[in-house]
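One structure is given here, and the rest of the page talks about it.
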Amino acid sequence: EAQVTQNPRYLITVTGKKLTVTCSQNMNHEYMSWYRQDPGLGLRQIYYSMNVEVTDKGDVPEGYKVSRKEKRNFPLILESPSPNQTSLYFCASSIGGRTGELFFGEGSRLTVL
Amino acid sequence: AQSVAQPEDQVNVAEGNPLTVKCTYSVSGNPYLFWYVQYPNRGLQFLLKYITGDNLVKGSYGFEAEFNKSQTSFHLKKPSALVSDSALYFCAVRDPMNRDDKIIFGKGTRLHILP
Chain A
1 EAQVTQNPRY
11 LITVTGKKLT
21 VTCSQNMNHE
31 YMSWYRQDPG
41 LGLRQIYYSM
51 NVEVTDKGDV
61 PEGYKVSRKE
71 KRNFPLILES
81 PSPNQTSLYF
91 CASSIGGRTG
101 ELFFGEGSRL
111 TVL
Chain B
1001 AQSVAQPEDQ
1011 VNVAEGNPLT
1021 VKCTYSVSGN
1031 PYLFWYVQYP
1041 NRGLQFLLKY
1051 ITGDNLVKGS
1061 YGFEAEFNKS
1071 QTSFHLKKPS
1081 ALVSDSALYF
1091 CAVRDPMNRD
1101 DKIIFGKGTR
1111 LHILP
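Taken in sequence, the protein lines are chains A and B.
Residue numbering for the first sequence follows this note's numbering, beginning at 1 and increasing consecutively.
Residue numbering for the second sequence follows this note's numbering, beginning at 1001 and increasing consecutively.
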């Protein structure tokens, strides 16, 4: 089954404790992206990657890191989480080029105390 | 810079009536436009897209959208609403002329279908 898998789905952590949210897709998609969803703000793009070893900042990259060492994986790293990073995070992927639609994971709800 | 606006936070429609969820965009060239739906506690699901060609595009679950270049709009429509259409709807734009490949989403419109 074609899917985007994120882990963990739920996480409560404390300020400053490094964490990684993993994302994996099994569709051989070139493009992958991370979004955060906050009430009243919709989805905002954090980082995206057009292919292996190619990553670019989205609109809200501060406080986040990503890497794309393999085509299928695109982890999101919070080196020193802060309470303003409490949010619902989505990973998504699409085929290469710009005409493809995004396939989304089920989301990861992160709370930073 | 590209942008998307969904002017209504919430739309209420009686079951069986036609529905419209509005979206306007701003890009430098010809846009690629998308609609997604989000059900509670789920990720977003793709509904339909406009890339080129016929201005009226049809998608999943009986939804359609009309691309209007002069009004820079891409409104989502359905002739007869179902209670199960109640969800959060997002419009998104991709600008094929930009060097970067950001995909920008609107803030979402919550659709309530009233029985």
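Note that beta-carbon positions come from the ideal geometry of N, C-alpha and C, so glycine has one too.
In the DSSP output, which residue or residues are listed as bridge partners for residue i?
i	result
L11/A	L110/A
K57/A	Y47/A
H1112/B	N1012/B
C91/A	W34/A
K1058/B	E1064/B
L1019/B	K1078/B
L78/A	L19/A
V1004/B	Y1025/B
L1048/B	W1035/B
G40/A	Note: G40/A sits in no beta bridge, so no partner.
For residue i, does the count of other Cβ atoms within 10 angstroms reach 16, so buried, or fall short, so exposed?
i	result
G1106/B	buried
I12/A	exposed
A1014/B	exposed
A2/A	exposed
A1092/B	buried
P81/A	buried
K18/A	exposed
Y1039/B	exposed
D1085/B	buried
G165/A	Chain A is shown from 1 up to 113; residue 165/A falls before or after that span and cannot be answered.
S94/A	buried
G1043/B	buried
For the putative contact between residue i and residue j, defined by C-beta atoms under 8 Å, what is the C-beta separation to the nearest angstrom?
i	j	result
T1020/B	K1058/B	About 15 Å separates the two Cβ atoms, so there is no contact after all.
L43/A	Y31/A	With 8 Å as the limit, L43/A and Y31/A do not qualify as a contact, their Cβ atoms being about 15 Å apart.
E79/A	K69/A	Not a contact, Cβ separation roughly 17 Å.
A92/A	V14/A	Not quite, the Cβ-Cβ distance comes to about 28 Å (not below 8 Å), so this is no contact.
L102/A	I1103/B	7 Å
H1112/B	Q1010/B	7 Å
Could you pull out every residue in the same chain whose Cβ sits closer than 6 Å to the Cβ of residue i, ignoring the five residues on either side in sequence?
i	result
V1037/B	Q1045, L1047, A1087 and Y1089
I77/A	T20 and K65
T111/A	I12 and T86
Between which residues of its own chain and residue i is the CB-CB distance below 8 Å, once the five residues before and five after are set aside?
i	result
P8/A	V21 and S108
Y1032/B	K1049, Y1050, I1051, V1093, R1094, D1095 and P1096
Y48/A	Y31, M32, S33, W34, T55, D56 and G58
S966/B	With chain B running from 1001 to 1115 in the structure shown, residue 966/B is simply not present.
G1016/B	S1080 and A1081
P61/A	I46 and Y47
Spatial neighbours of residue i within its chain, please: C-beta separation below 7 Å, excluding the five flanking residues on both sides.
i	result
S1026/B	Q1002, S1003 and T1072
N1012/B	H1112 and L1114
Is residue i a contact residue of the ligand ADP, with contact defined as CB to any heavy atom under 7 Å?
i	result
M27/A	Among the components modelled here there is no ligand, and therefore nothing to report on the ligand ADP.
3 or more residues per run - each beta strand (DSSP E) lying fully within the stretch 1073-1108 of chain B: Considered as a whole, the stretch 1073-1108 of chain B harbours 1073-1078, 1087-1094 and 1103-1105 as its complete beta strand (DSSP E) runs of no fewer than 3 residues, in chain order.
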